[in-house]
Amino acid sequence: MDNELYYHRVILETDLPSKVSAKDNLVEVQILYIFIAEAIEDSFRVYKLKCWIRFKFLDSLLEDYSHKRYFNHEIGWAVCHHCAVDNAWSMATNSGFDLNVWLELSSRDDFGQYIRKYLGLVIDNTKPANVSMINGLAFASLIARKAVQKHKRDLVSLIIWDVVNVFIERFPFEWIYHDLNQWVQAYKVRHEDLHRT
Numbered sequence: 000m001d002n003e004l005y006y007h008r009v010i011l012e013t014d015l016p017s018k019v020s021a022k023d024n025l026v027e028v029q030i031l032y033i034f035i036a037e038a039i040e041d042s043f044r045v046y047k048l049k050c051w052i053r054f055k056f057l058d059s060l061l062e063d064y065s066h067k068r069y070f071n072h073e074i075g076w077a078v079c080h081h082c083a084v085d086n087a088w089s090m091a092t093n094s095g096f097d098l099n100v101w102l103e104l105s106s107r108d109d110f111g112q113y114i115r116k117y118l119g120l121v122i123d124n125t126k127p128a129n130v131s132m133i134n135g136l137a138f139a140s141l142i143a144r145k146a147v148q149k150h151k152r153d154l155v156s157l158i159i160w161d162v163v164n165v166f167i168e169r170f171p172f173e174w175i176y177h178d179l180n181q182w183v184q185a186y187k188v189r190h191e192d193l194h195r196t
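Here it is as structure tokens:
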């Protein structure tokens, strides 16, 4: 985890009970899986990917874990914003990511290593660190869309698990996912202003 993230931590003093513990609780794998699957599915919706069939198991997972949900449409907006998508894609391809090579990898291990390498690179090269999760999700969503468009829909669940593995290592604490909502608001304001001028 990038130590810079601690400097972006949002601490609010209110009389209301907090959803987040003051301790650094680790994010649960199932909740993280739901978060990433929702982000990717939302990008399919935003980009009007017609050949996608919703994950059947996602609804039951959402029901089982309704007490904790990190994803919302504001996060989806940031992940699908053209700046995040373009930046993530540029970072990956300029460092050697080749979509066609990746899609033709036959070994599950090679496939996963390739994703984790370039996803990690996008996260590491994104500054400030609190935007790195947005760019990481933008990259993951983009390659998932490209896999579906190339008729390799079965790769999407593998992509999600590889992203889960990277995020568990890079973004291990619950507070990061709660604070992401604030970071997304700042990102949105900045980019709306940027594109207005």
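Mapping of the sequence shown onto numbering that gives the first Met the number 0: residues 0 to 196, in sequence order. For each residue, glycine too, the CB sits at the ideal point set by N, CA and C.
Can you give me the Cβ contacts of Trp182 inside the same chain, cut-off strictly under 6 Å, excluding the 5 residues immediately before and after it? Asn129
The alpha helix (DSSP H) that contains Asp178, what's its start and end? Glu173 to Arg195
Bridge partners - Leu98, DSSP secondary structure assignment: BP columns for Leu98 are empty, so no partner.
Out of Asn134, Phe110, Asp178 and Leu179, which has the shortest C-alpha to C-alpha gap to Leu157? Phe110
Residues of its chain near Lys149, where Cβ-Cβ distance is below 7 Å and the 5 sequence neighbours each way are ignored: Leu102
When you compare the CB positions of Asn229 and Ala87, do they come within less than 8 Å of one another, or not? For residue 229 there is no data in the structure shown, the boundaries of the chain being 0 and 196.
Within 8 Å, do at least three Cβ pairs link the segment 68-78 to the segment 105-124? Touching, no, given that fewer than three Cβ pairs across the two stretches are closer than 8 Å.
Identify every residue that forms a DSSP beta bridge with Leu25. Phe172
Measure the Cβ-Cβ separation of Val26 and Glu173 and say whether it is below 8 Å. Their beta carbons are under 8 Å apart, which means Val26 touches Glu173 by this criterion.
Buried versus exposed, by CB contacts within 10 Å (16 or more), Ser42: buried
Please classify Val155 as buried or exposed, where buried requires at least 16 other C-beta atoms within 10 Å of its C-beta. buried
For Phe166 versus Ile39, is the C-beta spacing smaller than 8 Å? Contact: no.
Tyr113 - DSSP class collapsed to helix/strand/coil: helix
Helix, strand or coil at Asn124 according to DSSP, with G and I counted as helix: helix
Could you work out which residue in Ile175, Ile52 and Tyr64 is closest to Lys22 when comparing CA atoms only? For the options Ile175, Ile52 and Tyr64, the alpha carbon positioned closest to that of Lys22 is the one of Ile175.
Which term fits Ser65, buried or exposed, when burial requires 16 or more other beta carbons within 10 angstroms of its beta carbon? exposed
For Glu62, count neighbouring C-beta atoms within 10 Å of its own C-beta (all shown protein chains included) and say buried if the count is 16 or more, exposed if not. With fewer than 16 other Cβ atoms within 10 Å, it is exposed.
Separation of Ser140 from Lys55, as counted between CA atoms: Between Lys55 and Ser140, the C-alpha separation is close to 19 Å.
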